[in-house]
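Residue numbers (this note's numbering), protein chains in the order written: chain S, 3 to 210; chain X, 9 to 303. Down below is the structure, laid out as structure tokens.
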Amino acid sequence: MTQLLGPALAFYVRHFDEAEAMRELQEPPPGISWSDWTKVLLVVRSGADSGAKAVIKHVLESDIAEGIRLAGRFKVGLRGQRSVAKHWAMEQAIGEEKNGLESLLLGLAIDGDEHFGPWLGIFLNYRRQRATMLRRAAAALSTRRIECFEKVESDRGWTGQLILGRFPLQSDSTSSACSSWARNICHTVLVDMWQDLAMPASDAGTTD
Amino acid sequence: MRDMDAVIKRLLPEIDVVLATHRSVDSSAQYAWLESNWERIYQAGFGPLEEELAKLKASTTKTGLWHVLTSEVDLLGPLDQRYREVAHTQSLAYLFDPKGSHGLKGEVLRLFLKRLLPAADLWPNLRHASAHIVKMAENADEAEVKAERTFEIDGEERGRTDLWIETPRNAPEHVLLIEMKVGMSIDDKQLNRYERALAARLGELHLASDAAVKVLLSYEVPHPGQYPNWFAVHWRQMAAALSPACVSPTDGAAFLKFYLATILRRIEGIQIAPRTPREKLRLRNLLRVASEDHQ
């Protein structure tokens, strides 16, 4: 039961609402020196980002790796450049399947919002025909009793991905709690459902 | 001086990344310092926010942007098309087309072009475009607008550009190419194909290579210098720039308002009555952009 979050991310999570707002300030607040402002930025931006990356890496390398290996055809650690990006969220692809220009991607992300607070989450993303495929995926997931919702906050890098679950992060969150939560959902999606979620060949599009 | 401020503002997001490669906060003493000074720094940043927001909101009332931000209806949301690039392409093609039934003539295109001028003044690689942009804006009522224009390179590669605009229609002197990204990342190869298509068209028209203006419209604005010959415009900036055309009491202005509401309200999630500090900051930043546009 080791503590998972590094000091910068733990600080960020502990002061979540303020840190979220602070990192978006475009200049030092009036009366705050550059020296002091630099200390803040190092924690709420680069420090929290590095901490989030480390959590994702840790969870991927622990319990999920075995599920991915069982599923056979997936890449671990592929950067999901077409999915969630920027803000303080960090994402890493767990599985990706390409079919012509289409692709289906399963990813792990850290993010947060005003209502839920900071969280670790698992998401699905489609490169093309997103609306159609998301509807199909939501229907398939509901038959497995996995609740999902579309995340639509572009300023945080989310643009319509399907969130399959969120695990609340606290400054003392442990690695075992996070990774066992992630393993359960990932195993179901990767091993039991992947074919139901992938894009049929006949639907592949060809537009730029 | 204002130019320098703008440069610094644009580079600020990178500064902490640069600093992080040289230094890190790793001692417990530094975290203890941060814990004990956090409230002071936070108040310095967000104490004055309410006052500034109130002033900005007061100066925005009755403007086009206010109409957008208070609209309960948006264009693409109910159609489940808000992340569909083609839907955005067609919506903008309609609005930029001076012959469109909206009755706004070239006004929307003119406002878009005007938004490019500060960047043209700021960045050396884009400076040459200023005069072309001004000329295109003058000819906006005579623009030929094509959505999803297909092209072929060397008889092999095929592709489609999102928005292709030539002015004036009958004897083109300039080409405006707009590549849009809604959720997808910018693709270097794709841009390279577009540049080749553009070069081919400029050749046909016997125009110099600098007669083209290239714009990347995206939610993920690239780093300065990443695509040095392209104007990078965020959707939020574009929406703020076009919003003045929403005020006229016409059906075309209503269409524009509902479309911009898709961008600002449904996609960006900007609230006119923000509750959290972050929501307030986002509204403040948008209103600042709009206010700078109008100066």
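The beta carbon of each residue, even a glycine, is placed where N, CA and C say it ideally should be. Every value quoted in this text rests on a predicted model; they were computed, and no experiment measured them.
Min CB distance Ala111 of chain S to chain X below 9 Å: Taking the first residue of the first sequence as position 1, residue 111 of chain S is located at position 109. Not an interface residue.
Where Thr161 of chain S meets chain C, residues with beta-carbon distance less than 8 Å: Looking for chain C here will not work: the only protein chains present are S and X.
Span separating the alpha-carbon of Gly109 of chain S from that of His60 of chain S: Within the first sequence, numbered from 1, the residue matching residue 109 of chain S stands at position 107. Within the first sequence, numbered from 1, the residue matching residue 60 of chain S stands at position 58. Cα to Cα, Gly109 of chain S sits roughly 14 Å from His60 of chain S.
Beta-carbon proximity check, Leu112 of chain X vs Ala249 of chain X, cutoff 9 Å: For this step, residue 112 of chain X is matched to residue 104 along the second sequence. For this step, residue 249 of chain X is matched to residue 241 along the second sequence. Not closer than 9 Å, so no.
Option nearest Val15 of chain S by Cα separation, candidates S:Ile187, S:Gly119, S:Gly123: Here residue 15 of chain S refers to the residue found at position 13 of the first sequence. Checking every option, the nearest Cα to that of Val15 of chain S belongs to S:Gly119.
Residue-level contact to chain S via CB, Ala249 of chain X, 9 Å cutoff: Translated into positions along the second sequence, residue 249 of chain X becomes position 241. It does not: the Cβ of Ala249 of chain X has no partner Cβ on chain S nearer than 9 Å.
Short CB-CB distance (under 9 Å) between Asp88 of chain X and chain S: For the purposes of this step, residue 88 of chain X is identified with residue 80 of the second sequence, where counting begins at 1. Yes, Asp88 of chain X lies at the interface with chain S (some Cβ there is under 9 Å from its Cβ).
Proximal residues to Trp183 of chain S (C-beta, below 6 Å), its chain only, five neighbours per side dropped: Here residue 183 of chain S corresponds to residue number 181 of the first sequence, with the count starting at 1. Excluding positions up to five away in sequence, the list reads Phe169.
Closest by C-alpha distance to Arg201 of chain X, when choosing among X:Glu181, X:Leu215, X:Glu160, X:Leu295: Within the second sequence, numbered from 1, the residue matching residue 201 of chain X stands at position 193. With distances taken between Cα atoms, Arg201 of chain X lies closest to X:Glu160.
Closer than 9 Å to chain S by CB, Leu6 of chain X: With chain X running from 9 to 303 in the structure shown, residue 6 of chain X is simply not present.
At least three beta-carbon pairs within less than 8 Å, the segment 168-184 of chain X to the segment 134-152 of chain X: yes
Spatially closest choice to Tyr50 of chain X from S:Ala56, S:Arg25, S:Gly49, S:Ser175, by CA coordinates: As a working note, residue 50 of chain X is residue 42 in the second sequence. Ranking S:Ala56, S:Arg25, S:Gly49, S:Ser175 by Cα distance to Tyr50 of chain X puts S:Arg25 first.
Candidates X:Gly55, X:Tyr91, X:Leu103, of which the one nearest Ala262 of chain X by Cα: Working through the second sequence from its first residue, we reach residue 262 of chain X at position 254. When each option's Cα is compared against that of Ala262 of chain X, the closest is X:Leu103.
Residue-chain proximity (Val154 of chain S, chain X), Cβ-Cβ < 9 Å: Residue mapping note: residue 154 of chain S aligns to position 152 of the first sequence, counting from 1. Answer yes: the Cβ-Cβ gap between Val154 of chain S and chain X drops below 9 Å somewhere.
Assigned secondary structure, Ile161 of chain X (DSSP; H/G/I helix, E/B strand, else coil): Position 153 of the second sequence holds residue 161 of chain X. DSSP places Ile161 of chain X in strand when its eight states are reduced to three.
Residues sharing a beta bridge with Gln163 of chain S, DSSP: For the purposes of this step, residue 163 of chain S is identified with residue 161 of the first sequence, where counting begins at 1. In the DSSP output, where bridge partners are listed per residue, Gln163 of chain S has S:Lys153.
Exposure of Glu187 of chain X, with buried meaning 16 or more beta-carbon neighbours within 10 Å: The residue you call residue 187 of chain X lines up with position 179 of the second sequence. Its Cβ being crowded by 16 or more others within 10 Å, Glu187 of chain X is buried.
Interface residues of chain S facing Tyr50 of chain X [CB-CB closer than 7 Å]: Within the second sequence, residue 50 of chain X is the residue found at index 42, counting from 1. Chain S residues near Tyr50 of chain X: Glu20, Met24.
Backbone secondary structure at Phe239 of chain X - three-state DSSP: Here the question's residue 239 of chain X lines up with position 231 in the second sequence. Three-state result, Phe239 of chain X: strand.
For Ala13 of chain S, the three-state DSSP class (helix, strand or coil): Position 11 of the first sequence, counted from the start, is the residue given in the question as residue 13 of chain S. Position check: residue 13 of chain S holds Phe in this sequence, whereas Ala was assumed. Here Phe13 of chain S sits in helix by DSSP.
Contact with chain X by Trp39 of chain S, beta-carbon distance below 9 Å: Taking the first sequence and counting its residues from 1, one reaches residue 39 of chain S at position 37. Trp39 of chain S counts as touching chain X.
Nearest neighbour of Leu42 of chain X, chosen from S:Glu20, S:Leu62, S:Asp51, S:Thr190 [CA to CA]: Within the second sequence, residue 42 of chain X is the residue found at index 34, counting from 1. Per the Cα distances, S:Glu20.
Lys154 of chain X, DSSP secondary structure in three states: Here residue 154 of chain X corresponds to residue number 146 of the second sequence, with the count starting at 1. Correct three-state label for Lys154 of chain X: strand.
Alpha-carbon to alpha-carbon, Arg296 of chain X and Glu60 of chain X: Looking up residue 60 of chain X in the second sequence gives position 52. Looking up residue 296 of chain X in the second sequence gives position 288. If I take the Cα positions, the gap works out to 10 Å.
Chain-ordered chain X contacts of Ile34 of chain S [CB-CB under 7 Å]: By one-based count along the first sequence, residue 34 of chain S stands at place 32. The answer, in chain order, is Ile49, Ala52.
Of the residues X:Ser251, X:Leu289, X:Asp259, the one placed nearest Ser109 of chain X, counting alpha carbons only: Stepping through the second sequence from its first residue, residue 109 of chain X is reached at position 101. The shortest Cα separation from Ser109 of chain X among X:Ser251, X:Leu289, X:Asp259 belongs to X:Asp259.
Local conformation of Val255 of chain X per DSSP, three classes: Locating residue 255 of chain X in the second sequence gives position 247, counting from the first residue. Val255 of chain X: coil per DSSP, three-state reduction.
For Val221 of chain X, the residue or residues it bridges with in DSSP: One-based indexing of the second sequence puts residue 221 of chain X at position 213. According to DSSP, Val221 of chain X bridges with X:Leu184.
Those residues which DSSP pairs with Ser175 of chain S across a bridge: Walking along the first sequence from the start, residue 175 of chain S turns up at place 173. Per DSSP, none; premise fails for Ser175 of chain S.
Alpha carbon of Leu213 of chain X to alpha carbon of Arg147 of chain S, nearest angstrom: Taking the second sequence and counting its residues from 1, the one referred to as residue 213 of chain X is at position 205. Taking the first sequence and counting its residues from 1, the one referred to as residue 147 of chain S is at position 145. If you take the alpha carbons of Leu213 of chain X and Arg147 of chain S, they lie about 60 Å apart.
Gly114 of chain S beta carbon less than 9 Å from that of Leu245 of chain S: What is shown of chain S runs 3 to 210, which leaves residue 245 of chain S out entirely.
The beta strand (DSSP E) enclosing Trp121 of chain S, as first and last residue numbers: As a first step, residue 121 of chain S is located in the first sequence; it is residue number 119 there, counting from the start. Looking at the DSSP string, the run of the beta strand (DSSP E) that includes Trp121 of chain S is 119-128.
is_contact[Val57 of chain S, chain X] using C-beta, thresh 9 Å: Here residue 57 of chain S is taken as the residue at index 55 of the first sequence, counted from 1. Closer than 9 Å: no.
Val45 of chain S: contacting residues in chain X (beta-carbon distance under 9 Å): Counting from one through the first sequence, the residue named residue 45 of chain S turns up at place 43. Under the 9 Å cutoff, chain X gives Val33, Gln38, Tyr39, Leu42.
Inter-residue Cα distance where the pair is Lys88 of chain S and Ala179 of chain X: Looking up residue 88 of chain S in the first sequence gives position 86. Looking up residue 179 of chain X in the second sequence gives position 171. With a pLDDT of only 40 at Lys88 of chain S, under the threshold of 50, the placement of this residue in the model should not be trusted, and no figure is reported.
Local Cβ density within 10 Å of Gly79 of chain S, reported as buried at 16 or more and exposed below that: Translated into the one-based positions of the first sequence, residue 79 of chain S becomes position 77. Caution applies to Gly79 of chain S, whose pLDDT of 46 falls short of 50 and renders its modelled position unreliable; the value that the coordinates give is listed next. The residue is exposed, with fewer than 16 neighbouring Cβ atoms inside 10 Å.
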